[in-house]
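Per our numbering, the sequence shown starts with residue 5, numbered consecutively. The structure under discussion appears below in the form of structure tokens.
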Amino acid sequence: MKMSRHSYLRVLILCIIAFIGSTEAQLQQNFYAKSCPNAEKLIQNFVYEHIHNAPSLAATLIRMHFHDCFVRGCDASVLLNSTSNQAEKDAPPNLTLRGFDFIDRIKSLVEAECPGVVSCADIIALAARDSIVAIGGPNWNVPTGRRDGSISLLAEARSNIPAPTSNLTTLQTLFGNQGLDNNDLVLLSGAHTIGVSICSSFSNRLYNFTGVVGTQDPSLDSEYAANLKRFKCKNISDTNSIVEMDPGSRNTFDLGYYSLVLKRRGLFQSDAALITSPVTKSVVTRVLQGSLENFFAEFAKSMEKMGRINVKTGTQGEIRKQCALVNS
Ligand code: HEM
Ligand SMILES: *[C@@H]1O[C@H](CO)[C@@H](O)[C@H](O)[C@H]1NC(C)=O
Ligand SMILES: *[C@@H]1O[C@H](CO)[C@@H](O)[C@H](O)[C@H]1NC(C)=O
Ligand SMILES: *[C@@H]1O[C@H](CO)[C@@H](O)[C@H](O)[C@H]1NC(C)=O
Ligand SMILES: *[C@@H]1O[C@H](CO)[C@@H](O)[C@H](O)[C@H]1NC(C)=O
Ligand SMILES: *[C@@H]1O[C@H](CO)[C@@H](O)[C@H](O)[C@H]1NC(C)=O
Numbered sequence: 005m006k007m008s009r010h011s012y013l014r015v016l017i018l019c020i021i022a023f024i025g026s027t028e029a030q031l032q033q034n035f036y037a038k039s040c041p042n043a044e045k046l047i048q049n050f051v052y053e054h055i056h057n058a059p060s061l062a063a064t065l066i067r068m069h070f071h072d073c074f075v076r077g078c079d080a081s082v083l084l085n086s087t088s089n090q091a092e093k094d095a096p097p098n099l100t101l102r103g104f105d106f107i108d109r110i111k112s113l114v115e116a117e118c119p120g121v122v123s124c125a126d127i128i129a130l131a132a133r134d135s136i137v138a139i140g141g142p143n144w145n146v147p148t149g150r151r152d153g154s155i156s157l158l159a160e161a162r163s164n165i166p167a168p169t170s171n172l173t174t175l176q177t178l179f180g181n182q183g184l185d186n187n188d189l190v191l192l193s194g195a196h197t198i199g200v201s202i203c204s205s206f207s208n209r210l211y212n213f214t215g216v217v218g219t220q221d222p223s224l225d226s227e228y229a230a231n232l233k234r235f236k237c238k239n240i241s242d243t244n245s246i247v248e249m250d251p252g253s254r255n256t257f258d259l260g261y262y263s264l265v266l267k268r269r270g271l272f273q274s275d276a277a278l279i280t281s282p283v284t285k286s287v288v289t290r291v292l293q294g295s296l297e298n299f300f301a302e303f304a305k306s307m308e309k310m311g312r313i314n315v316k317t318g319t320q321g322e323i324r325k326q327c328a329l330v331n332s
């Protein structure tokens, strides 16, 4: 095919425009270096100061970051209060209660230093990373410059955030929609090595698997299921008891999750799903056979990728004054 000089020029100009557009829309390491040089350090100090008294916050915060990024990108939509619409926050299951005021406290601190400069979306991303580092977990790069969105809808949380009952196909679709692959799915699920769940998130596996009361999920180790029924989720109406996802090391970021999954002791169907195909199962075994350092390095890559999902930058969105409210 022959191209005229004229069309070469057009292609060139289009490329230049696309290039300028894309460089404008990048997150960058220490974005606030000039506009609020102490911001990232302030956040880190606050997190390091408080996490030792409340290590379970680390789980809450990394989960909040995940939920934020999966709905309309990492834009702090997860923090918005319901208005005439029900917000993402009100989508069950939501164990994130304590996290919201923690973020608000950080926001006030940062606002006092530089009003109207640092986004709530960056605060979530930084606080999540810092809190995981503070409990001895992996460190990852958090380039900043995210801006805050103005829309938060419960229905979008329902349709984009995987449910604990999700099978592998659903997980792959929902992660795929965010540009995340099988490797990311298995690595990021590794965050279930910390934290807790309420019984209602998985008790169908113990008491009502096929929709007939008394049936159990055969993919859950039967000895483990018996223990959960005896000591943790004692009956089908016990919805709110709390269970550690990696029993005995809920605040330790280790390889425990992967060994549980291989022993068919992952708490959710979504955890069990990871060994239902050779592709994802081989990632589970590879990570488990590698070192903790290797897990941390791989987890870090996937986290950085997650933190970039559909971010608003440049002139998009706004810098909220209060994380729970859109600016008026
Ligand atoms: C693969 C799909 C996933 C599903 C279906 C899922 C589901 C869940 C559910 C149902 C809970 C318990 C919530 C409750 O009982 O209220 C939970 C907890 C948790 N999830 Fe996930 N999750 C997934 C992926 C992730 C990812 C990607 C991360 C972070 C990178 C993550 C981090 C956590 C953490 C840390 C907790 C514990 C929260 C706490 O202790 O407060 N999860 N997850
Ligand atoms: C957002 O909602 C929470 C819980 O209902 C409430 O405590 C908080 O004050 C609200 N925040 C704002 C800024 O209105
Ligand atoms: C969690 O969701 C329930 C309803 O699904 C809602 O009443 C509650 O306020 C939510 N919790 C938070 C912290 O937003
Ligand atoms: C996975 O779950 C979806 C949604 O519930 C369902 O439509 C699909 O048939 C399931 N796929 C498999 C392979 O079980
Ligand atoms: C058992 O599961 C079925 C199907 O999901 C549901 O309709 C029913 O309400 C459940 N029963 C109980 C007692 O939770
Ligand atoms: C279910 O278990 C809970 C928690 O142990 C207990 O308080 C409740 O009475 C039990 N309900 C039934 C119907 O057995």
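All C-beta atoms, glycine included, are put in the ideal place defined by N, C-alpha and C.
With respect to the 8 Å criterion, residue 179 and residue 271 are not classified as neighbours on the basis of their beta carbons. Within 10 angstroms of the beta-carbon of residue 56 lie fewer than 16 other beta-carbons, which makes it exposed.
A straight line joining the alpha-carbon of residue 265 with that of residue 247 spans about 16 Å.
Nearest in C-alpha terms to residue 175, of all of 327, 277, 287 and 130, is 277. Taking the Cβ atoms as the reference, residue 153 lies roughly 19 Å from residue 67, outside the contact range of under 8 Å. Per DSSP, residue 313 is not a residue of any beta strand (DSSP E), being assigned neither H nor E. For ligand 1, a non-hydrogen atom lies closer than 7 Å to the CB of residue 64.
Judged by pairs of C-beta atoms under 8 Å, the region 100–110 does not touch the region 179–196, as fewer than three such pairs exist.
The beta-bridge partner set that DSSP reports for residue 253 is empty. From the listed residues 121, 261 and 201, the smallest Cα separation to residue 149 is found for 121. For residue 215, the Cβ falls inside the 7 Å cut-off from some heavy atom of ligand 5.
About 7 Å separates the beta carbon of residue 304 from that of residue 143, a gap short enough to meet the 8 Å contact definition.
Between the region 153–162 and the region 90–98, the count of C-beta pairs closer than 8 Å reaches three or more; the two stretches touch.
In the three-state reduction of the DSSP assignment, residue 155 falls in the coil class, being assigned neither a helical nor a strand state. Taken through DSSP and simplified to helix, strand or coil, residue 246 comes out as strand. DSSP places residue 200 outside any alpha helix (DSSP H); the residue lies instead in the beta strand (DSSP E), whose first and last residues are 200–202.
Boundaries of the alpha helix (DSSP H) around residue 189: 186–193.
Non-local C-beta neighbours of residue 131 in its own chain, meaning closer than 7 Å and more than five positions away in sequence, comprise 47, 51, 65, 107 and 110, ordered along the chain. Short note on residue 240: C-beta closer than 7 Å to some heavy atom of ligand 5. In the three-state reduction of the DSSP assignment, residue 148 falls in the strand class. The closest CA to that of residue 309, considering only 128, 113 and 185, is found on 185. Of all alpha-carbon atoms in 295, 78, 224 and 233, the one lying nearest the alpha-carbon of residue 146 is that of 78.
Contact check for residue 115 against residue 42 fails: the beta carbons are separated by 8 Å or more.
Take residue 239, set aside five residues on each side of it, and no residue of its chain has a beta-carbon closer than 6 Å to its own.
DSSP, reduced to helix, strand and coil, places residue 113 within a helical segment of the structure shown. Where residue 133 is concerned, the enclosing alpha helix (DSSP H) starts and stops at 124–138. Looking at the DSSP output, residue 32 shares a beta bridge with 148. Between the alpha carbons of residue 329 and residue 82 lies a gap of roughly 11 Å.
Counting C-beta pairs closer than 8 Å gives three or more between the region 227–234 and the region 194–213, which meets the contact rule.
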